[in-house]
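Data block below; observations after.
Residue numbers (our numbering): 176 to 278.
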């Protein structure tokens, strides 16, 4: 949702981002997942049919989440509409401590 709102902000009055991954600006930033193993666990679960996701899609998305993406951060400035960011809390596989960085 954040990427679409960045590219076409005129289409949105407001945006809700629920338990979203906070992408890296540079390689030294922490990954969006709490642990690297979380990406691997998702991939294995998809391959084993335990999750109803396309294994190829899960692999591609997890790889993209690990790459630095400064363009995403630059695009956040184009989101002039009100944005509500909700974290998943302690049970989320995503890092919660970086949500403030986006705000």
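Glycine included, every Cβ here is placed at the ideal spot set by N, Cα and C.
Take residue 261, set aside five residues on each side of it, and the residues of its chain with a beta-carbon closer than 8 angstroms to its own are 191, 192, 193 and 194, in chain order. In the displayed model, residue 241 falls within a helix according to three-state DSSP.
If you look at residue 191, you'll find it in the beta strand (DSSP E) that goes 190-193.
Distance check between residue 239 and each of 272, 202, 250 and 254 places 202 closest, using alpha-carbon atoms only. Per DSSP, the unbroken beta strand (DSSP E) holding residue 258 starts and ends at 258-261.
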